[in-house]
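Enquirer:
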Amino acid sequence: MTRYTISLIRGDGVGPELVHSANLLLEAISDNSDTKFSLDIMEAGDSSISRFGHAMPEQVLDTIRKSDACLKGPVGESAADVVLVLRQSMDLYANVRPVKSFPNLKGLSDAIDLVIVRENTEDLYLGWEFEADSSTIISLRRTTERASRRIAEFAFKASSQREKKKVVAVHKANVLRKGDGLFAKTCRNVSKNFPGIEFTEQYVDACAMNLIRNPDDYDIILTTNMFGDILSDEALQVAGSIGMGPAGNIGDDFGLFEPAHGAAFDIAGKNIANPSSILLSSKMMLEWLGGKRGDAVAIREAQRVEHAIRRMLTDNRRTIDIGGDMSTIEFTNAVIDLMY
975 MTRYTISLIR GDGVGPELVH SANLLLEAIS DNSDTKFSLD IMEAGDSSIS RFGHAMPEQV
1035 LDTIRKSDAC LKGPVGESAA DVVLVLRQSM DLYANVRPVK SFPNLKGLSD AIDLVIVREN
1095 TEDLYLGWEF EADSSTIISL RRTTERASRR IAEFAFKASS QREKKKVVAV HKANVLRKGD
1155 GLFAKTCRNV SKNFPGIEFT EQYVDACAMN LIRNPDDYDI ILTTNMFGDI LSDEALQVAG
1215 SIGMGPAGNI GDDFGLFEPA HGAAFDIAGK NIANPSSILL SSKMMLEWLG GKRGDAVAIR
1275 EAQRVEHAIR RMLTDNRRTI DIGGDMSTIE FTNAVIDLMY
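Right, here's the structure in full:
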């Protein structure tokens, strides 16, 4: 039996509803397997500002640091004050976003299976912005060899575990000759250590086009922070729905897992949001924990989660926001029923 302490951040908008779904899933796994969870549910984001005056209170950050992993609901306007703080303070340098086709969703292909591996600690998302004068803002973009190398190594190692064994480095080195030039050069150098993996390069605009034209061609897309953020949303929609998108923020010692989408305030509180994104984020978390601890049960339970969601969609059982008639909680309970 293996026990994990998990921090659950409720978030904003549909976040609390999705985190409730994840809570039910993790409790069911804990009740029905030898993978056990202690769950700490906490506030961070817009709701935390209104209650405590801070998007990320220090005691919340301390609790997260002491846990084995964190599962986070989407956050609203204060997202940068939550997720960027966590990424930077805990050095979660790899943002991993799997993109897969699921049954009965209107994607451009039914055979998409790719992963976007995005550098997660630098680029424009450092938020280094300055007023040159009252009408001019200067935004600085940082690129280092160290960060480029470790995200490239992460991507190649991930690809070595997959069937296609292909990595494409996506950049804009023809324009951003220094920063993206360094990123591209570093990726090329790392590729030499993985001769069994096919390595290519694409400019980001060409990649954006080819994701629509030939999404099945991709395996691992290795890219910088902002480009990866944009391409992952595009790829998820190409596959059928951004609501199916999980994400992991992974460092050497900690993992933060969350839906790839935002807080969706327009449907918040209606109990109609598709919880698949956070259920699949839970699946990613289980796989990461299982790999880290050698916990085969956690990995098996992760597979059960995705299998149950696929069965739901194969039977055309969907939530209201994606054209079905099920509520968030009905869908969640049905997934758990299929698992056990």
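Reading the sequence shown from the start, the letters are residues 975 to 1314 in the working numbering. A virtual CB, placed ideally from N, CA and C, is assigned to each residue, including glycine.
1) Could you tell me which of Gly1219, Leu1098 and Thr1118 sits nearest to phenylalanine 1201, measuring between CA atoms?
2) Going by Cα to Cα distance, which pick from Ser1007, Ala1018, Ser1251 and Glu1105 is closest to alanine 1054?
3) Give the secondary structure of arginine 1120 by DSSP, where H, G and I count as helix, E and B as strand, and everything else as coil.
4) With threonine 979 as the anchor, note down where its beta strand (DSSP E) starts and where it stops.
5) Taking C-beta to C-beta, are leucine 1082 and alanine 1209 nearer than 8 Å?
6) DSSP three-state call for glutamine 1135: helix, strand or coil?
7) Excluding the 5 residues flanking serine 1041 on each side, which residues of the same chain have their C-beta closer than 7 Å to its C-beta?
8) Going along the chain, which residues of its own chain have a beta-carbon closer than 7 Å to the beta-carbon of leucine 1100, five neighbours each way excluded?
9) If you draw a straight line from the alpha carbon of glycine 987 to that of alanine 1237, how long is it in whole angstroms?
10) In three-state terms, what does DSSP make of asparagine 1315?
11) For phenylalanine 1076, which of Asn1307, Ile1296, Thr1302 and Ala1308 has the nearest alpha-carbon?
12) Give me the residue from Glu1175, Val1279 and Asp1008 with the minimum Cα distance to serine 1251.
13) So is arginine 1039 buried or exposed if we call it buried at 16+ other beta carbons inside 10 Å?
14) How about tyrosine 1067 and isoleucine 1125: do their beta carbons lie closer than 8 Å?
15) Taking the C-alpha atoms as reference points, what is the distance between glutamate 1137 and serine 1109?
16) Just checking, does the region 1227-1242 make contact with the region 1168-1187 on the three C-beta pairs under 8 Å criterion?
17) Going along the chain, which residues of its own chain have a beta-carbon closer than 6 Å to the beta-carbon of asparagine 1006, five neighbours each way excluded?
18) DSSP three-state call for isoleucine 1246: helix, strand or coil?
19) Near alanine 1270, which residues of its chain fall below 8 Å by C-beta distance, leaving aside the five closest residues on each side in sequence?
20) Which residues bound the alpha helix (DSSP H) around lysine 1166?
21) What is the rounded straight-line gap between the Cα of phenylalanine 1026 and the Cα of asparagine 1290?
22) Could you give the distance in angstroms between the alpha-carbon of asparagine 1248 and the alpha-carbon of leucine 1254?
23) Using DSSP with H/G/I as helix, E/B as strand and the rest coil, what is histidine 1281?
24) State the DSSP-derived secondary structure class of asparagine 1188, mapped to helix, strand or coil.
25) Suppose the cutoff is 6 Å on Cβ atoms and the five residues either side in sequence are ignored; what does the same chain contact list for tryptophan 1262 look like?
26) Could you give the DSSP three-state label for valine 1149: helix, strand or coil?
27) Report all residues from its chain with a CB closer than 6 Å to the CB of threonine 1306; omit the five preceding and five following residues, and keep chain order.
28) Would you mind reading off the limits of the alpha helix (DSSP H) that contains isoleucine 1310?
29) For serine 1134, is the classification buried or exposed, using 16 other Cβ atoms within 10 angstroms of its Cβ as the cut-off for buried?
30) Would you mind working out which of Met1218, Leu1196, Ile1303 and Ala1282 sits nearest glycine 1243, comparing C-alpha positions?
31) Helix, strand or coil for alanine 1106? Go by DSSP, reduced to three states.
32) How many Å lie between asparagine 1223 and lysine 1266 at the Cα?
33) Please report the distance separating the alpha-carbon of lysine 1080 from that of glycine 1219.
34) Would you mind working out which of Ser1113, Ile1111, Glu1105 and Ala1182 sits nearest alanine 1143, comparing C-alpha positions?
35) Starting from serine 1022, trace the alpha helix (DSSP H) in both directions and tell me its first and last residue.
36) Just to confirm the assignment, what range does the alpha helix (DSSP H) spanning asparagine 1006 have?
Expert: The answer reads as follows:
1) Residue mapping note: residue 1201 aligns to position 227 of the sequence shown, counting from 1. Out of Gly1219, Leu1098 and Thr1118, Leu1098 has the C-alpha closest to the C-alpha of phenylalanine 1201.
2) By one-based count along the sequence shown, residue 1054 stands at place 80. Checked all of Ser1007, Ala1018, Ser1251 and Glu1105; the closest Cα to alanine 1054 is Ala1018.
3) Against the sequence shown, residue 1120 aligns to sequence position 146. Here arginine 1120 sits in helix by DSSP.
4) Against the sequence shown, residue 979 aligns to sequence position 5. Where threonine 979 is concerned, the enclosing beta strand (DSSP E) starts and stops at 976-983.
5) Working through the sequence shown from its first residue, we reach residue 1082 at position 108. Working through the sequence shown from its first residue, we reach residue 1209 at position 235. Not in contact: leucine 1082 and alanine 1209 (Cβ atoms no closer than 8 Å).
6) By one-based count along the sequence shown, residue 1135 stands at place 161. DSSP places glutamine 1135 in coil when its eight states are reduced to three.
7) Working through the sequence shown from its first residue, we reach residue 1041 at position 67. Exclusion of the five residues before and after serine 1041 leaves Thr979, Ile980, Ser981 and Asp1014 as the residues of its chain whose Cβ lies within less than 7 Å of its Cβ.
8) Position 126 of the sequence shown holds residue 1100. Around leucine 1100: Arg1116.
9) Translated into positions along the sequence shown, residue 987 becomes position 13. Translated into positions along the sequence shown, residue 1237 becomes position 263. So the two alpha carbons sit approximately 5 Å from each other.
10) Because the chain here runs from 975 to 1314, residue 1315 falls outside it and cannot be looked at.
11) Taking the first residue of the sequence shown as 1, we reach residue 1076 at position 102. Residue Ile1296 is the option with its Cα nearest to phenylalanine 1076.
12) Counted from its first residue, the sequence shown places residue 1251 at position 277. With distances taken between CA atoms, serine 1251 lies nearest to Val1279 out of Glu1175, Val1279 and Asp1008.
13) For the purposes of this step, residue 1039 is taken as the residue at position 65 of the sequence shown. By the Cβ neighbour-count rule, arginine 1039 is exposed, with fewer than 16 other Cβ atoms within 10 Å of its own.
14) Numbered from 1 along the sequence shown, position 93 holds the residue referred to as residue 1067. Numbered from 1 along the sequence shown, position 151 holds the residue referred to as residue 1125. With contacts defined by Cβ atoms closer than 8 Å, tyrosine 1067 and isoleucine 1125 form a contacting pair.
15) Stepping through the sequence shown from its first residue, residue 1137 is reached at position 163. Stepping through the sequence shown from its first residue, residue 1109 is reached at position 135. The straight-line gap from Cα to Cα measures roughly 51 Å.
16) Cβ pair count under 8 Å is below three, so no.
17) Residue mapping note: residue 1006 aligns to position 32 of the sequence shown, counting from 1. Its chain contains Tyr1314 as the residues whose beta carbon lies nearer than 6 Å to that of asparagine 1006, once the 5 sequence neighbours on both sides are disregarded; these appear in chain order.
18) As a first step, residue 1246 is located in the sequence shown; it is residue number 272 there, counting from the start. Of the three classes helix, strand and coil, the one that applies to isoleucine 1246 here is coil, per DSSP.
19) Taking the sequence shown and counting its residues from 1, the one referred to as residue 1270 is at position 296. Hits under 8 Å: Gly1264.
20) Within the sequence shown, numbered from 1, the residue matching residue 1166 stands at position 192. First-last for lysine 1166: undefined, no H or E at that position.
21) Within the sequence shown, numbered from 1, the residue matching residue 1026 stands at position 52. Within the sequence shown, numbered from 1, the residue matching residue 1290 stands at position 316. Counting only the Cα atoms, asparagine 1290 lies some 42 Å from phenylalanine 1026.
22) One-based indexing of the sequence shown puts residue 1248 at position 274. One-based indexing of the sequence shown puts residue 1254 at position 280. Cα to Cα, asparagine 1248 sits roughly 11 Å from leucine 1254.
23) What you label residue 1281 is simply residue 307 of the sequence shown in a count that begins at 1. In the structure shown, the three-state DSSP call for histidine 1281 is helix.
24) Sequence index remark: in the sequence shown, residue 1188 carries index 214 (1-based). Looking at asparagine 1188 - three-state DSSP - the assignment turns out to be coil, as it is neither helix nor strand.
25) As a working mapping, residue 1262 is identified with position 288 in the sequence shown. Cβ within range, chain order: Gly1229.
26) Locating residue 1149 in the sequence shown gives position 175, counting from the first residue. DSSP places valine 1149 in coil when its eight states are reduced to three.
27) Position 332 of the sequence shown, counted from the start, is the residue given in the question as residue 1306. Excluding sequence neighbours, threonine 1306 sits near Ser995, Leu998 and Pro1249.
28) Your numbering for residue 1310 matches position 336 in the sequence shown. The continuous alpha helix (DSSP H) containing isoleucine 1310 extends over residues 1302-1313.
29) Numbered from 1 along the sequence shown, position 160 holds the residue referred to as residue 1134. Serine 1134 is exposed by the Cβ-count criterion.
30) Position 269 of the sequence shown, counted from the start, is the residue given in the question as residue 1243. Nearest C-alpha to glycine 1243: Ile1303.
31) Taking the sequence shown and counting its residues from 1, one reaches residue 1106 at position 132. In the structure shown, the three-state DSSP call for alanine 1106 is strand.
32) In the sequence shown, the residue the question calls residue 1223 occupies position 249. In the sequence shown, the residue the question calls residue 1266 occupies position 292. One C-alpha to the other measures close to 15 Å.
33) Counting from one through the sequence shown, the residue named residue 1080 turns up at place 106. Counting from one through the sequence shown, the residue named residue 1219 turns up at place 245. As the crow flies, the alpha-carbon of lysine 1080 is around 15 Å from that of glycine 1219.
34) Mapped onto the sequence shown, residue 1143 falls at position 169. Out of Ser1113, Ile1111, Glu1105 and Ala1182, Ala1182 has the C-alpha closest to the C-alpha of alanine 1143.
35) Residue numbering aside, residue 1022 sits at position 48 when the sequence shown is read from its first letter. That run of the alpha helix (DSSP H) goes 1020-1026.
36) On the sequence shown, position 32 is the one that residue 1006 refers to. 989-1006 is the span of the alpha helix (DSSP H), which, as asked, contains asparagine 1006.
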